[in-house]
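What follows is a single structure, written as structure tokens, with notes after it.
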Amino acid sequence: MEHWVLDSPGIFPRAVERARDVLAAGDLVAIPTETVYGLAANALNPGAVQKIFKVKGRPATNPVIVHVGSLDMAGQCAKNWPPLATDLARVFWPGPLTLVVTRSEAIPPVVTAGGSTVGIRWPRHPFVQALLDSCNFPLAAPSANPSGTISPTRGEHVEKMLRGKISLLIDAGPCLHGIESTVLDLTVDPPRLLRHGAIGHEALRRVVPELSMNFEDAEPILKSPGRLERHYAPVTPLRTAKWGKEQELALQLAEMGTTAAETVVLVHGATISPERYRDVRVMPPDPDAYARALFAEWHRADELGAKLILVEAPPEGAEWEAIRDRLRRATFPTS
Ligand code: TXA
Ligand code: MG
Numbered sequence: 098m099e100h101w102v103l104d105s106p107g108i109f110p111r112a113v114e115r116a117r118d119v120l121a122a123g124d125l126v127a128i129p130t131e132t133v134y135g136l137a138a139n140a141l142n143p144g145a146v147q148k149i150f151k152v153k154g155r156p157a158t159n160p161v162i163v164h165v166g167s168l169d170m171a172g173q174c175a176k177n178w179p180p181l182a183t184d185l186a187r188v189f190w191p192g193p194l195t196l197v198v199t200r201s202e203a204i205p206p207v208v209t210a211g212g213s214t215v216g217i218r219w220p221r222h223p224f225v226q227a228l229l230d231s232c233n234f235p236l237a238a239p240s241a242n243p244s245g246t247i248s249p250t251r252g253e254h255v256e257k258m259l260r261g262k263i264s265l266l267i268d269a270g271p272c273l274h275g276i277e278s279t280v281l282d283l284t285v286d287p288p289r290l291l292r293h294g295a296i297g298h299e300a301l302r303r304v305v306p307e308l309s310m311n312f313e314d315a316e317p318i319l320k321s322p323g324r325l326e327r328h329y330a331p332v333t334p335l336r337t338a339k340w341g342k343e344q345e346l347a348l349q350l351a352e353m354g355t356t357a358a359e360t361v362v363l364v365h366g367a368t369i370s371p372e373r374y375r376d377v378r379v380m381p382p383d384p385d386a387y388a389r390a391l392f393a394e395w396h397r398a399d400e401l402g403a404k405l406i407l408v409e410a411p412p413e414g415a416e417w418e419a420i421r422d423r424l425r426r427a428t429f430p431t432s
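Right, here's the structure in full:
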């Protein structure tokens with residue numbers, strides 16, 4: 098696998114060109130975005146999109162997001178472009194919001210898992226923007242990880258998970274958000290949140306006051322596996338906990354059938370003695386920085402071969418919702 102690191106201004110345009118050539122030839126490229134790394138293919142080439150499903154081991158029933166570089170390109174992917182989509186795009190695009198609208202004939206069925214809707218997003222990352230300008234075709238891109246595992250937020254995560262399976266990785270360092278885009282379904286009334294993500298629902302509500310968060314109502318055919326219980330999970334079992342004194346933490350670990358020495362603890366507010374544990378990592382105090390760090394900490398804990406990842410429960414506030422969502426989905430055994 099070619100692994101291009103964007104560490105000098107000169108390499109940027111060459112990487113854009115190389116990625117475009119590989120994509121135009123119908124092959125896959127792992128690309129940085131502002132959320133997580135994506136595994137991209139020419140969205141208009143069904144054979145190329147098919148390769149995404151093969152490399153990820155992704156069920157054919159799970160639709161892939163289409164990335165566009167302009168409102169014009171977004172309009173071409175949709176059968177009709179609702180006025181609300183224009184309003185949302187004005188506020189949140191380019192950025193980490195995926196809008197589900199009706200699919201146009203231009204988008205091959207393999208992209209949408211045979212469905213009549215398509216998820217579209219205009220990403221903010223400068224590399225993808227330059228790439229989309231250069232390609233002139235939209236890019237189908239799920240996260241660049243095997244299906245069911247943690248999304249990659251750094252080039253080395255992609256390298257670890259997809260080496261030998263793809264021919265090109267463009268590495269622009271750590272992703273800005275470190276958590277996937279928010280997915281919003283505009284084909285139902287009222288519009289429905291399908292996945293919590295980098296844009297909080299309070300911000301969305303300012304544009305869509307009637308926003309529905311009733312995930313359970315979503316028809317199974319809308320199959321957004323972002324809603325599946327166990328997803329985005331590290332290999333190492335993960336639990337969330339709260340404790341007062343450090344002795345309480347020891348008791349809880351014993352109840353979970355493990356010891357401090359086998360546990361990686363991600364602390365948020367608590368202070369604990371680091372030498373007792375397999376590792377202790379202090380998570381940032383604000384939700385944006387916390388999200389940026391979280392998946393990287395899980396990847397790291399997996400590499401350490403710990404028996405348990407214990408996460409100190411984050412605060413209650415709405416701005417922590419996407420983080421609580423990912424923690425719930427990663428919790429093992431599910432409760
Ligand atoms: O931030 C992101 O969204 C990243 C970057 C690469 O853009 N992509 C990403 O893609 O997370 P993926 O495939 O891992 O997750 C896309 C989610 C899935 O839960 C999928 O089911 C849902 O969006 N989705 C895509 N198209 C859909 C559609 N037409 N209807 C309902 N859900 C859809
Ligand atoms: Mg994914």
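To convert a position in the sequence shown, counted from 1, into the numbering used here, add 97.
Cβ atoms here follow ideal geometry from the backbone N, Cα and C, with glycine treated the same way.
As the structure is a prediction and not an experimental result, all values here were calculated from the model.
Asked                                                                                                                                                               : Found
Can you look up A140 in the DSSP assignment and give me helix, strand or coil?                                                                                      : coil
Buried or exposed, going by whether 16 or more other CB atoms sit within 10 Å of the CB of N311?                                                                    : exposed
By the three-class DSSP mapping on this structure, what secondary structure does D383 have?                                                                         : coil
Does DSSP put L125 in a helix, a strand or coil?                                                                                                                    : coil
Within the stretch 155–196, note down every full alpha helix (DSSP H) run reaching 4 residues or more, in order along the chain.                                    : 168–174, 180–189
Only counting runs of 4 or more residues, tell me where the alpha helix (DSSP H) segments fall wholly within the stretch 234–270, in order along the chain.         : 252–259
Report the residue from A140, L335, D104 whose alpha carbon sits nearest the alpha carbon of R421.                                                                  : L335
Could you tell me how far apart the beta carbons of V377 and K262 are, in whole angstroms, since I believe they sit closer than 8 Å?                                : About 34 Å separates the two Cβ atoms, so there is no contact after all.
For the 8 Å Cβ check, are there 3 or more pairs between the stretch 159–170 and the stretch 199–218?                                                                : yes
Count the C-beta pairs between the stretch 121–131 and the stretch 220–234 that are closer than 8 Å, then say yes if the count reaches three, no if not.            : yes
Thinking C-beta only, is G275 closer than 9 Å to T246?                                                                                                              : no
Between which two residues does the beta strand (DSSP E) holding H365 run?                                                                                          : Looking at the DSSP string, H365 is not in any beta strand (DSSP E), and its letter there is neither H nor E.
Hey, how far is the Cα of V304 from the Cα of D184?                                                                                                                 : 7 Å
Which residues bound the alpha helix (DSSP H) around I296?                                                                                                          : Note, I296: premise wrong, no alpha helix (DSSP H); not H, not E.
Taking a cut-off of 7 Å, which residues have a beta-carbon closer than that to any heavy atom of the ligand MG, in chain order?                                     : P239, S240, N242, S248, E277
Beta carbon of Y134: closer than 8 Å to some heavy atom of the ligand TXA?                                                                                          : yes
Closer than 8 Å is the cut-off here; do at least three beta carbon pairs connect the stretch 166–186 with the stretch 99–107?                                       : no
Closer than 8 Å to a non-hydrogen atom of the ligand TXA - does that hold for the CB of D282?                                                                       : yes
Let me see if you follow: with CB-CB separation under 9 Å, is R155 close to chain C or not?                                                                         : In summary, chain C is missing from the structure at hand, where a single protein chain is found.
If we count Cβ pairs, one from each stretch, closer than 8 Å, do we get three or more for the stretch 340–356 versus the stretch 387–396?                           : no
Is it buried or exposed for V225, if we count other Cβ within 10 angstroms and need 16 for buried?                                                                  : buried
Is A145 close to the ligand TXA? I mean its beta-carbon at under 8 Å from any heavy atom of the ligand.                                                             : no
Rounded to whole angstroms, what is the Cα-Cα separation between P317 and A300?                                                                                     : Because P317 carries a pLDDT of 45, less than 50, the predicted location of this residue cannot be relied on, and no value is offered for it.
Pick out whichever of A330, L424, G154, A127 has its Cα sitting closest to the Cα of L265.                                                                          : A127
Which residues in the same chain as P205 place their Cβ atom closer than 6 Å to its Cβ, once the five residues preceding and following it in sequence are excluded? : P143
Could you pull the start and end residues of the beta strand (DSSP E) that E99 belongs to?                                                                          : 99–102
Are the CB atoms of A367 and E394 nearer to each other than 9 Å?                                                                                                    : no
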